[in-house]
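Have a look at the structure below before the remarks.
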Amino acid sequence: MRRRLASTVVVLALIAAACGGDTAPVTVPTTDVTPSTLATTTTTAETPTTTADEPTTTTSPASTTTDGTSTTTGGSTTTSEASTTTSEASTTTTTTTSATTTTAATTTTTTTVPETVLTWTEVAEGFGQPVFVTAPPGDSRLFVVDQPGRIWVIDGGDPEVFLDVRSITTYGGERGLLGMAFHPDDPNTFYINHVSAGDTVVAEYRVSGNVADTGSRRVLLTVDQPATNHNGGMIAFGPDGYLWIGMGDGGGSNDKFGQGQRADTLLGSMLRIDVDGDPYVVPSNNPYSDGVDGAPEVWAIGLRNPWRFAFDNGLVYIADVGQGAVEEVSIAPASAAGLNYGWPIYEGDRCFDGPCDTEGTVMPAVSYPHSEGCSITGGYVYRGSALPGLVGHYFYSDYCTGFLRSYKSGSTFDWTDETGSIGAPTSFGLDGFGELYLTSKAGSVYLLTEG
Ligand SMILES: [Ca+2]
Numbered sequence: 027m028r029r030r031l032a033s034t035v036v037v038l039a040l041i042a043a044a045c046g047g048d049t050a051p052v053t054v055p056t057t058d059v060t061p062s063t064l065a066t067t068t069t070t071a072e073t074p075t076t077t078a079d080e081p082t083t084t085t086s087p088a089s090t091t092t093d094g095t096s097t098t099t100g101g102s103t104t105t106s107e108a109s110t111t112t113s114e115a116s117t118t119t120t121t122t123t124s125a126t127t128t129t130a131a132t133t134t135t136t137t138t139v140p141e142t143v144l145t146w147t148e149v150a151e152g153f154g155q156p157v158f159v160t161a162p163p164g165d166s167r168l169f170v171v172d173q174p175g176r177i178w179v180i181d182g183g184d185p186e187v188f189l190d191v192r193s194i195t196t197y198g199g200e201r202g203l204l205g206m207a208f209h210p211d212d213p214n215t216f217y218i219n220h221v222s223a224g225d226t227v228v229a230e231y232r233v234s235g236n237v238a239d240t241g242s243r244r245v246l247l248t249v250d251q252p253a254t255n256h257n258g259g260m261i262a263f264g265p266d267g268y269l270w271i272g273m274g275d276g277g278g279s280n281d282k283f284g285q286g287q288r289a290d291t292l293l294g295s296m297l298r299i300d301v302d303g304d305p306y307v308v309p310s311n312n313p314y315s316d317g318v319d320g321a322p323e324v325w326a327i328g329l330r331n332p333w334r335f336a337f338d339n340g341l342v343y344i345a346d347v348g349q350g351a352v353e354e355v356s357i358a359p360a361s362a363a364g365l366n367y368g369w370p371i372y373e374g375d376r377c378f379d380g381p382c383d384t385e386g387t388v389m390p391a392v393s394y395p396h397s398e399g400c401s402i403t404g405g406y407v408y409r410g411s412a413l414p415g416l417v418g419h420y421f422y423s424d425y426c427t428g429f430l431r432s433y434k435s436g437s438t439f440d441w442t443d444e445t446g447s448i449g450a451p452t453s454f455g456l457d458g459f460g461e462l463y464l465t466s467k468a469g470s471v472y473l474l475t476e477g
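Just add 26 to the spot in the sequence shown (first one is 1) and you have the working numbering.
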């Protein structure tokens with residue numbers, strides 16, 4: 027059942043877009059979800075479990091979900107002939123020196139998308155509130171981070187508990203277990219980012235067999251959180267081998283704590299540390315490694331709530347959640363130290379708390395107004411093998427509208443006509459082979475497939 031692609035292009039709202047008023051800022055999950063029961067239409071390879079809060083793996087592609095959520099999976103089949111696409115474009119990928127600035131350059135690009143039909147195929151369900159998927163490179167297991175405080179491992183059967191930190195995790199709203207990253211040189215060591223006792227904690231664990239050794243917990247970093255929202259949550263190892271930690275501005279609204287433009291505090295910043303230390307080491311080429319003009323851990327400033335970010339081909343893609351009007355993705359060289367991503371001077375490409383001058387600011391490569399969403403869910407540049415026509419596309423979504431869009435070479439593409447909208451997509455994730463997943467607040471994990 028191959029269909030032709032009908033990918034339409036979203037013209038970048040790179041210019042202007044000072045739309046909308048101050049609607050309530052919405053970021054990642056805002057309410058609790060009780061563990062869902064097993065769906066009755068799921069076919070599983072293993073003996074189904076009956077515990078109410080245990081997720082299951084769906085082994086039949088394109089299975090039908092009947093759980094009454096707003097998710098759409100498998101079977102989005104109405105597509106029309108492919109269209110060739112043209113759009114305005116911008117890139118911000120030219121900065122190569124540290125502590126310099128990048129300004130969006132507007133260009134026009136014509137892009138033809140290969141014939142591909144995309145579908146979100148549900149592969150697992152029943153999680154409390156999944157917010158991330160990952161795996162070490164080349165590892166066939168899949169690790170699912172559940173915001174209330176557990177990590178599940180899928181190793182050919184139903185998900186099993188890999189780590190349980192619920193008792194030391196502050197959960198609710200935007201707080202909880204938010205991120206996970208395996209050590210790039212040792213798949214038996216991993217890191218989590220969770221809110222514990224109300225503050226951000228990055229901790230290391232060792233793996234014993236197919237479960238984490240809870241006794242191996244080693245806290246690297248604790249960051250005081252003055253409010254319940256904007257906790258960031260993403261941790262990922264960069265091409266430099268260092269752990270990058272996305273920190274929100276401390277919460278509230280309007281950068282009320284004045285953190286966005288400060289380099290001497292850890293909030294509103296991207297942090298970068300070497301985990302192979304006690305408790306960690308500050309890389310010598312961090313912009314404030316001497317602690318004189320800023321905090322040693324700070325790598326970049328000007329972030330509001332960088333819920334998800336990703337690396338690809340020497341670049342970092344930071345999806346920073348906007349306040350009331352504009353969402354954004356900023357792209358910059360991962361080697362560029364001391365960049366300023368703009369908040370709160372800019373919200374996306376909109377002047378928010380001026381005076382505004384793009385000089386010295388990394389302006390977004392992609393931005394869209396709140397008429398199209400409310401809270402960006404950043405993703406990844408696809409480098410897998412299942413969807414060869416989409417290699418190099420950076421995929422992203424929005425928590426409110428659930429679209430699926432991609433960005434490549436200055437153009438953006440909207441795939442939602444094919445995939446349907448996923449209700450409340452919380453995060454993207456990659457498996458060990460670069461295939462792309464999406465988690466939904468309703469408790470499901472989807473795999474992006476063709477057909
Ligand atoms: Ca920004």
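All C-beta atoms, glycine included, are put in the ideal place defined by N, C-alpha and C.
Model, not experiment: these values are computed from the prediction.
- A straight line joining the alpha-carbon of Pro81 with that of Val471 spans about 10 Å.
- Per DSSP, Thr427 lies in no alpha helix (DSSP H) segment and is marked neither H nor E.
- Distances between the C-beta of Trp369 and the heavy atoms of ligand 1 include at least one below 7 Å.
- Nearest neighbour of Leu365 by Cα position, chosen from Ala468, Pro174, Ala253 and Pro313, turns out to be Pro313.
- The three-state reading of DSSP puts Asp275 in coil, since its state is none of H, G, I, E or B.
- DSSP, read as helix, strand or coil, puts Ser315 in coil.
- One Cα belongs to Gly267, the other to Gly410, and the distance between them is close to 21 Å.
- Membership of Asp443 in the alpha helix (DSSP H) is indicated by the continuous run Thr442 to Thr445.
- Selection Ile299, Thr215, Val179 and Arg288 evaluated against Thr248 yields Ile299 as nearest (Cα-Cα).
- Taking one beta carbon from each stretch, the stretch 439 to 446 and the stretch 390 to 403 have fewer than 3 pairs nearer than 8 Å; the two do not touch.
- Counted as a single uninterrupted DSSP element, the stretch harbouring Asp302 is not any beta strand (DSSP E), since DSSP gives it neither H nor E.
- Shown here for Asp172: same chain residues with a beta carbon closer than 6 Å to its own, the five before and five after excluded, namely Phe153, Gly154 and Pro156 in chain order.
- Looking at the DSSP output, Thr465 sits in a beta bridge with Ser453 and Val471.
- If the five residues before and after Glu461 are omitted, its C-beta is found closer than 6 Å to the C-beta atoms of Gly410 and Ala412, all from its own chain and listed in chain order.
- Under the three-state reduction of DSSP, Pro322 is assigned to coil, being neither helix nor strand.
- Here Pro213 has Pro162 and Asp165 as same chain residues with Cβ atoms under 7 Å from its own Cβ, once five neighbours each way along the sequence are excluded.
- Between the alpha carbons of Ala362 and Gly418 lies a distance of about 21 Å.
- Contact between the stretch 325 to 334 and the stretch 271 to 288 is present, with at least three C-beta pairs closer than 8 Å.
- In the DSSP assignment, Arg232 forms a beta bridge with Thr215 and Asp239.
- In this structure, Thr215 lies away from Arg243, with their beta-carbon atoms at least 8 Å apart.
- Restricting attention to Ser234, Val245 and Tyr425, the CA atom closest to the CA of Gly303 is found in Val245.
- In the three-state reduction of the DSSP assignment, Pro414 falls in the helix class.
- Between Thr142 and Leu416 a beta carbon distance of about 6 Å is seen, short of the 8 Å cut, so the two are scored as contacting.
- Distances between the C-beta of Gly182 and the heavy atoms of ligand 1 are all 7 Å or more.
- In this structure, the straight-line span from the alpha carbon of Ser315 to that of Asp290 is close to 11 Å.
- At a threshold of 7 Å, Gly320 does not count as near ligand 1, since its beta carbon sits no closer than that to any of the ligand's heavy atoms.
- A straight-line Cα-Cα distance of about 34 Å links Pro451 and Pro322.
- The shortest CA-to-CA distance from Asn339 to any of Gly175, Gly264 and Tyr217 is the one to Gly264.
- If you check the CB distance, Gly199 and Asn280 do not come in under 8 Å.
- Nearest C-alpha to Ile218 among Gly276, Ser234 and Phe158: Phe158.
- Pro381 has its CB no nearer than 7 Å to any heavy atom of ligand 1.
- Taking 8 Å as the cut-off, the beta carbon of Thr145 is found no closer than this to the beta carbon of Gly405.
- Taking each of Pro185, Gly183, Gly182 and Leu203 in turn and checking the Cα distance to Arg192, the smallest one comes out for Leu203.
- When the Cα atoms are used, Tyr420 and Tyr433 turn out to be separated by approximately 5 Å.
- Beta-bridge annotation (DSSP): Glu353 is paired with Tyr394.
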